Amino acid sequence: MPLPPGTDELDALIEVYAGQLARIERSTYPDGMRLLTAAESAGTLVAAEMRHAGVPWRADVHRELLTGLLGERYPGGQETRRLAELADEVSRAFGDGVRVRPDRPADIVKAFAREGIALSSTRKWELQEIDHPAVPALLEYKRLYRLHTAHGWAWLQAWVRDGRFRPEFLPGGTVTGRWTTHGGGALQIPKVVRRAVVADPGWRLVVADADQIEPRVLAAVSRDPGLMDVAGSGRDLYGDLAARLFAGDRGRAKLAMLGAIYGQTSGDGLKHMADLRRRFPRAVAYVDDAARAGEEGRLVRTWLGRTCPPSSTALADEAGIPQEEEPAAYGSTASARARGRFTRNFVIQGSAAEWALIVLALVRQATAGLKAELVFFQHDEVMVHCPEEEAAEVAEAVREAGDRAGRIAFGDTPVRFPLTTAVVDCYAEAKD
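In this text, residue positions in the sequence shown follow this note's numbering: the first is 2, and each later residue adds one.
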């Protein structure tokens with residue numbers, strides 16, 4: 002709203018800031034809220050600077066890979082040569098005279114129904130369960146069509162300018178504090194497209210990825226002695242957990258831990274949860290208590306004090322719960338359980354988002370006197386573009402930021418927060 006005539010803008014800003022500080026001091030968790038407010042402020046500044054710097058992007062490489070995968074574009078149409086070939090292959094698999102549009106789910110469902118195969122959707126996992134000659138071509142079509150529509154020639158024209166991709170990051174764009182973007186799909190860049198992210202001549206990309214961040218956050222916030230010990234070595238957490246509890250089966254260990262965080266209660270989930278509860282009672286109790294609060298309609302908070310929205314406005318997308326399942330009221334056991342799964346994950350994922358904000362602030366601080374630029378951030382991944390002679394210093398600063406952010410956010414615990422770093426010329430090289 003406009004200021005009253007004669008009001009000094011700086012005085013008005015100071016007054017608003019003083020009011021914010023007063024509300025923080027009156028909050029339930031003033032220490033945490035002070036830190037969270039500072040981290041959010043730093044994150045917002047980093048987001049603006051990253052958009053200004055931009056991700057180095059080779060449009061020529063991008064166009065070359067699109068042509069190699071999709072074939073030439075047909076004039077005046079959205080289809081490409083390779084997509085047209087795959088569409089014909091899908092149609093032939095259903096018999097002569099049948100024409101199926103692979104980009105239309107209803108066409109696919111009807112075509113399989115005529116073959117006596119009932120589909121509830123055209124999702125990849127459901128199609129993979131079907132023994133039918135159309136499936137391989139259909140899956141390949143879906144993969145390439147997604148590339149064409151999400152990061153194809155139109156995307157390249159709209160988003161890449163002067164050798165830079167400048168996504169509009171939205172800090173705190175979700176209820177847990179995780180970031181989103183306003184268009185551009187920056188948080189979902191396919192692996193194949195990452196080949197186009199290439200450092201400038203004489204520069205390198207320092208790409209850092211957090212290792213098993215959510216289980217480590219659970220260890221830190223629950224203060225479970227056993228889980229803190231597992232998360233304190235800086236090695237593969239799931240591997241260490243498997244050796245202690247699952248006879249060396251890393252896959253089972255990972256499923257068990259993620260099941261505890263996300264609330265898996267089907268299949269082997271119950272047995273895994275029981276195993277974890279016996280070995281790490283405080284950790285499992287922490288997420289169980291959060292789930293119970295959600296089921297009862299109460300609010301939960303992250304470690305620094307971010308409060309989940311009330312049931313009527315909560316968004317459960319980050320917890321893997323369809324939004325329509327997020328209960329607006331507690332009229333059924335199923336809706337209450339859905340809310341519980343959301344709050345169970347909220348306390349961990351939101352706390353992880355706070356840790357990531359602090360990492361960003363620390364990396365920005367450590368590189369302030371260098372030419373290095375923070376250019377990309379994705380949940381638990383950071384990318385810095387820097388001159389080759391600064392790469393080693395930047396990589397070390399990023400590695401140190403992980404553990405330091407853990408101490409700042411969660412206090413003095415034995416939990417390690419390792420960041421795996423790679424110094425590369427091309428983003429795709431860091432993901433191989």
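Backbone N, C-alpha and C fix where the C-beta goes; we use that ideal spot for every residue, glycine too. This structure is a prediction, so every number in the text was calculated from the model and none was measured.
Which residue marks the beginning of the alpha helix (DSSP H) containing residue i, and which one marks its end?
i: P226; result: 226-231
i: R1; result: Outside the displayed range of the chain (2 to 433) lies residue 1, so it cannot be described from this structure.
i: P419; result: Note, P419: premise wrong, no alpha helix (DSSP H); not H, not E.
i: L11; result: 10-27
i: A367; result: 334-367
i: R217; result: 214-223
i: P388; result: Careful: P388 lies outside any alpha helix (DSSP H), inside the beta strand (DSSP E) at 382-388.
i: L246; result: 238-246
i: A291; result: 282-296
i: G260; result: 251-263
i: L371; result: No alpha helix (DSSP H) contains L371, which DSSP labels as neither H nor E.
i: I409; result: 392-411
i: G44; result: 31-54
i: D89; result: 82-94
Is residue i near residue j, with beta carbons less than 7 angstroms apart?
i: W356; j: A406; result: yes
i: P419; j: G235; result: yes
i: L145; j: L71; result: yes
i: A275; j: T344; result: no
i: L206; j: I349; result: no
i: A402; j: L358; result: no
i: A200; j: D426; result: yes
i: A197; j: R59; result: yes
i: A294; j: H273; result: no
i: V437; j: A119; result: Residue coverage of the chain in this structure runs from 2 to 433, which leaves residue 437 outside it and unanswerable.
i: V301; j: F347; result: yes
i: A151; j: G186; result: yes
i: L361; j: G44; result: yes
Using the beta-carbon count (16 or more within 10 Å), is residue i buried or exposed?
i: Q189; result: exposed
i: I131; result: exposed
i: P328; result: Here P328 scores only 42 on pLDDT, less than 50, and its place in the model is too uncertain to base an answer on.
i: T29; result: exposed
i: T81; result: buried
i: Y428; result: buried
i: T181; result: exposed
i: G321; result: For G321, the predicted structure reports a pLDDT of 41, less than 50, and the residue's modelled location is therefore unreliable. A value from the coordinates is still provided. Label assigned to G321: exposed.
i: P103; result: buried
i: K143; result: buried
i: P216; result: buried
i: Y239; result: buried
i: D413; result: exposed
i: S223; result: buried
i: T422; result: buried
i: D61; result: exposed
i: P6; result: exposed
i: A317; result: Caution is warranted here: a pLDDT of 42 is assigned to A317, below 50, making its placement in the model unreliable, and the coordinate value is therefore given only provisionally. Looking at its Cβ environment, which holds 16 or more other Cβ atoms inside 10 Å, A317 is buried.
i: T177; result: buried
i: Q21; result: exposed
i: E16; result: exposed
i: E325; result: Low confidence applies to E325: its pLDDT is 36, below 50, so where it sits in the model is not reliable enough to give any reading.
i: T314; result: Residue confidence for T314 is low, a pLDDT of 49 falling below 50, so the modelled location carries little weight and cannot support an answer.
i: A13; result: exposed
Check each candidate in the options and name the one with the smallest Cα separation from residue i.
i: I262; options: A286, R245, D250; result: A286
i: S312; options: W58, V288, G341; result: G341
i: P282; options: G227, L371, K255, F247; result: G227
i: H63; options: E116, S121, K192, G98; result: K192
i: R408; options: A221, A337, R115; result: A221
i: E116; options: V198, A23, R105, A135; result: A135
i: V208; options: A396, I15, L11, D404; result: A396
i: V416; options: A13, D210, V231; result: V231
i: A366; options: G264, A40, L259; result: Here the sequence assigns Gln to residue 366, which means Ala is not the residue at that position. The shortest C-alpha separation from Q366 is found at A40.
i: G249; options: L259, D237, G260; result: D237
i: V161; options: G260, V194, A254; result: V194
i: E309; options: R251, R74, V424, R179; result: For the record, residue 309 in the displayed sequence is Cys; it is not Glu. C309 has its Cα closest to that of R179, out of R251, R74, V424, R179.
Note the first and the last residue of the continuous beta strand (DSSP E) segment covering residue i.
i: Q379; result: 374-379
i: L206; result: 204-211
Within the 7 angstroms Cβ cut-off, does residue i reach chain B?
i: D230; result: Looking for chain B here will not work: only one protein chain is present.
Does the segment 296-310 touch the segment 20-38, meaning 3 or more C-beta pairs lie closer than 8 angstroms? yes
Between the segment 43-51 and the segment 167-174, do at least 3 Cβ pairs fall closer than 8 angstroms? yes
Tell me whether the segment 172-185 and the segment 348-362 touch, counting them as touching only if at least three CB pairs, one residue from each stretch, are closer than 8 angstroms. yes
Determine contact between the segment 94-104 and the segment 124-143, defined as no fewer than three beta-carbon pairs at a distance below 8 angstroms. yes
May I ask you to verify whether the segment 378-387 touches the segment 236-250, counting CB pairs closer than 8 angstroms and requiring at least 3? no
Contact between the segment 359-374 and the segment 382-398 is defined here as three or more beta-carbon pairs at a separation below 8 angstroms; is this criterion met? yes
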